[in-house]
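Trainee: Here this note's numbering runs 118 ahead of the position in the sequence shown, where the first position is 1. We treat Cβ as the ideally placed atom computed from N, Cα and C, and that holds for glycine.
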Amino acid sequence: MVRCMLSNSSLPEFLWGEALRTASYIFNQVSSKSVPKTPYELWLGKKPSLHHFHVWGCKAEVRPYNPQLKKLDPKTISGFFVGYCIGSRGSKFYYPSYTTRIIESDRAVYFEDELATNQGEHGDKVEPSIPVDGIPLRRSQRSLIKKQFIVLNSLLGKKPWDDEMNSMYMNGVWDLVELPHGCYSQREDIDFKETFSPVLTKDSFRVIMAIVAHFDLELHQMDVKTTFLNGDLDENVYMEQPIGFTEVGKEDLVCKLNKSIYGLKQASRQWYLSNLGSQHLKAAKKVLRYLQGTKDLMLTYRRTNKLDVVGFCDADFVGCIDDKKSTTGYIFVMAGGVVSWKSVK
119 MVRCMLSNSS LPEFLWGEAL RTASYIFNQV SSKSVPKTPY ELWLGKKPSL HHFHVWGCKA
179 EVRPYNPQLK KLDPKTISGF FVGYCIGSRG SKFYYPSYTT RIIESDRAVY FEDELATNQG
239 EHGDKVEPSI PVDGIPLRRS QRSLIKKQFI VLNSLLGKKP WDDEMNSMYM NGVWDLVELP
299 HGCYSQREDI DFKETFSPVL TKDSFRVIMA IVAHFDLELH QMDVKTTFLN GDLDENVYME
359 QPIGFTEVGK EDLVCKLNKS IYGLKQASRQ WYLSNLGSQH LKAAKKVLRY LQGTKDLMLT
419 YRRTNKLDVV GFCDADFVGC IDDKKSTTGY IFVMAGGVVS WKSVK
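(1) Can you check whether the CB of Arg225 is closer than 8 Å to the CB of Asp180?
(2) Select from Leu294, Val330, Gln410 the residue whose C-alpha is nearest the C-alpha of Tyr356.
(3) Would you identify the three-state DSSP class for Leu162, choosing helix, strand or coil?
(4) Closest to Ile221 by C-alpha separation, out of Phe229, Lys210, Pro214, Val227, would be which residue?
(5) Measuring only the C-alpha atoms, how far is Ala137 from Ser167?
(6) Going by beta carbon distance, what residues of the same chain come within less than 6 Å of Gly201, once the five residues before and after it are set aside?
(7) Out of Met283, Trp134, Glu282, point me to the one whose CA is closest to Tyr212's CA.
(8) Quick one: residues in its chain with C-beta nearer than 6 Å to the C-beta of Glu282, no 5 flanking neighbours on either side, listed in chain order?
(9) Does Gly367 come out as helix, strand or coil in the three-state DSSP assignment?
(10) Roughly how many angstroms lie between the CA atoms of Lys193 and Trp161, to the nearest whole one?
(11) In chain order, what residues of the same chain lie with their CB nearer than 7 Å to the CB of Glu239, ignoring the 5 residues before and after it?
(12) Since Lys460 and Ser444 should fall inside the 8 Å C-beta cutoff, what is the C-beta to C-beta distance between them, to a whole number of angstroms?
(13) Would you please state the rounded distance, in angstroms, between the beta carbons of Tyr419 and Gly455? I believe it to be under 8 Å.
(14) For my contact list, Gly175 and Phe145 are in at a C-beta cut-off of 8 Å; report their separation, rounded to the angstrom.
(15) Pop quiz: Ala178 and Gly197 are said to be a contact at Cβ under 8 Å. What is the actual Cβ separation, rounded to whole angstroms?
(16) Identify the continuous beta strand (DSSP E) that holds Tyr448 and give its terminal residues.
(17) Output needed for Leu335: all residues of its chain with C-beta closer than 6 Å, excluding positions within five of it in sequence on either side, in chain order.
(18) Using the three-state DSSP reduction, which class does Ile221 fall into: helix, strand or coil?
(19) Using the three-state DSSP reduction, which class does Asp281 fall into: helix, strand or coil?
(20) With a CB to CB cut of under 8 Å and the five nearest residues on each side skipped, what residues in its chain are close to Val428?
(21) Spatial neighbours of Met327 within its chain, please: C-beta separation below 7 Å, excluding the five flanking residues on both sides.
(22) Whole angstroms is fine: what's the gap from Gln397's alpha carbon to Val405's?
(23) Is it true that the CB of Val330 sits closer than 8 Å to the CB of Val457?
(24) Which residue wins for smallest C-alpha separation from Gly290, given the options Gly411, Lys377, Arg407, Ile439?
(25) Rounded to whole angstroms, what's the CA-CA distance from His169 to Thr319? Just pull it up for me.
(26) Run through the DSSP bridge pairs and tell me what Trp459 is partnered with.
(27) Alpha carbon to alpha carbon, what distance is there between Gly437 and Thr446?
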């Protein structure tokens with residue numbers, strides 16, 4: 119991150135310390151994959167504010183503290199933003215031609231679209247930046263989606279689509295309403311608070327199998343059609359009417375969901391089937407090779423003297439030499455077979 123900050127701003131390399139402090143400050147204000155909450159929130163118990171964040175290396179006009187400033191003297195000086203102050207609301211600024219080079223101030227105007235260009239070691243020369251072509255605009259794919267729907271409809275027939283829509287109508291999945299102002303995509307703590315799937319987990323299935331084996335019971339299997347439609351929603355979620363099933367005269371209305379449907383974060387985890395690539399094909403082949411090599415291996419459950427759940431857990435300390443993370447794991451045994459296990463950093 120420090121390398122990217124210095125490269126993007128083209129400030130002198132001796133400012134790497136300020137870039138490192140800023141990077142550390144930013145990391146403490148944002149979450150990570152392993153810990154959903156930020157270190158700031160874990161330490162102080164409240165969410166951090168990001169309103170004071172600025173692009174590192176951007177130009178700024180700052181008014182430093184100068185009690186000897188005369189009435190006709192310039193009130194601001196030009197420099198570059200290089201960090202945040204600890205213990206105050208001010209920020210740090212780098213000035214190539216100023217006496218102290220780096221000063222702190224809480225009165226500044228930022229120009230985040232203008233970054234520092236290539237400079238010498240002392241920052242006395244400024245070269246014009248090289249113009250870069252803009253990112254091409256993303257085209258809408260609504261017409262492509264309609265064509266794909268027509269092709270699938272002609273190949274598979276309309277009956278599967280009609281069956282699915284009839285199930286939604288019978289379960290009262292949605293009501294047609296006008297789209298409220300300011301709607302957006304699903305966001306955590308607004309449209310959903312936790313991901314949930316109304317289907318049986320693998321751990322629960324293995325526990326049931328262990329109980330059946332221990333008490334020598336008979337097990338009957340059944341399938342629930344349109345399982346996701348049995349989960350009620352506590353939040354307000356809106357979606358467009360399905361293509362091909364838009365009601366005549368109500369094209370401008372949207373569906374206000376009353377029950378969970380397949381694809382919502384409340385229904386299950388997010389799915390990744392919209393942009394398949396070579397990496398997905400390699401992963402699928404790896405799964406098939408694993409299944410072929412382990413087809414003769416299985417979990418077995420049997421009657422035991424006492425039906426108990428026995429758990430084992432273990433953890434190391436900074437076991438990974440690359441990211442310095444620890445690994446922990448657990449395993450639970452029931453009726454002579456494993457019912458749940460996990461290993462994670």
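Mentor: From the atom records:
(1) Strictly speaking, residue 180 in this sequence is Val, with Asp absent from that position. The answer is yes: Cβ separation under 8 Å.
(2) Leu294
(3) helix
(4) Lys210
(5) 20 Å
(6) Glu136, Arg139, Thr140, Lys210
(7) Trp134
(8) none
(9) coil
(10) 39 Å
(11) Because Glu239 sits at a pLDDT of 44, beneath the cut-off of 50, its placement in the model cannot be relied upon, and the following sentence gives the value as read from the coordinates. So the list reads Pro130, once near-sequence residues are dropped.
(12) The Cβ separation is near 14 Å, so there is no contact.
(13) 4 Å
(14) Their Cβ separation, rounded to whole angstroms, is 18 Å, which puts Gly175 and Phe145 out of contact at 8 Å.
(15) 6 Å
(16) 446-452
(17) none
(18) strand
(19) helix
(20) Phe450, Val451, Met452
(21) Tyr419
(22) 13 Å
(23) no
(24) Lys377
(25) 41 Å
(26) Ile449
(27) 10 Å
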